[in-house]
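Single-structure report; data block below.
Residue numbers (UniProt numbering): 1 to 205.
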């Protein structure tokens, strides 16, 4: 697992490939990737609909790589459910699907997603409990990680480094853990110097 300064701008399950022998997961298709520069506007109509972060639906043009973290949560939820969590048929319907699960965003959350958005008239819907969203028995750590990725406020979403130290991945840190075929795990935490420093600082919090 390498940590790089990169902003993918679009992540969905078709962009993920797995080696069946080593079980290494890789991202492919970087057609929409770019370096996000603070203060520089970007297009809001990007990312496949089911995995599109709500700030994009609200028309934000100044966003961060938190949109990729939202997409990561959507992909993970789909792996757990066996189907997309937010299967919207249009941009508006996509927001409806999100609200069905997360509830109606507050004014503060809408401002966090797009400070220029001034329309606050939404039906008041309560959040659907996560344990009911994932009705089959799942590890609570898995559900918790999905929940941390899928936050309305971009700055409240679980970061990539936060995810690395989340309890959901504790088993991967066990030296005795093996792949289903009996092979040892591939290198997962061979961070580059800047990644190691960031992870060290995070662990001190």
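C-beta: ideal position from N, C-alpha, C; glycine also.
Legend entry - Alpha-carbon to alpha-carbon, residue 70 and residue 95: 13 Å
Inset, instruction - Could you tell me the distance, in whole angstroms, from the CA atom of residue 113 to the CA atom of residue 76? - result: 22 Å
Inset, instruction - Just mark residue 182 as buried or exposed, buried being the case when its beta carbon has 16 or more other beta carbons within 10 Å. - result: exposed
Inset, instruction - Name, in chain order, the residues that DSSP records as bridge partners for residue 173. - result: Answer is none; residue 173 lacks a bridge partner.
Legend entry - Local conformation of residue 26 per DSSP, three classes: strand
Inset, instruction - With a threshold of 16 other CB atoms inside 10 Å of the CB of residue 79, please say whether the residue is buried or exposed. - result: exposed
Inset, instruction - State the DSSP-derived secondary structure class of residue 107, mapped to helix, strand or coil. - result: helix
Inset, instruction - Take the Cβ of residue 73 as the centre, count every other Cβ of all protein chains shown within 10 Å, and call the residue buried at 16 or more, exposed below. - result: buried
Inset, instruction - Note down, in chain order, each residue of its chain lying with its Cβ closer than 7 Å to the Cβ of residue 97, except the 5 sequence neighbours on either side. - result: 86, 87, 88
Inset, instruction - Given a cut-off of 9 Å, decide if residue 166 and residue 144 are closer than it, judged by their beta-carbon atoms. - result: yes
Legend entry - residue 151, buried or exposed, once every other Cβ within 10 Å from all chains shown has been counted against 16: buried
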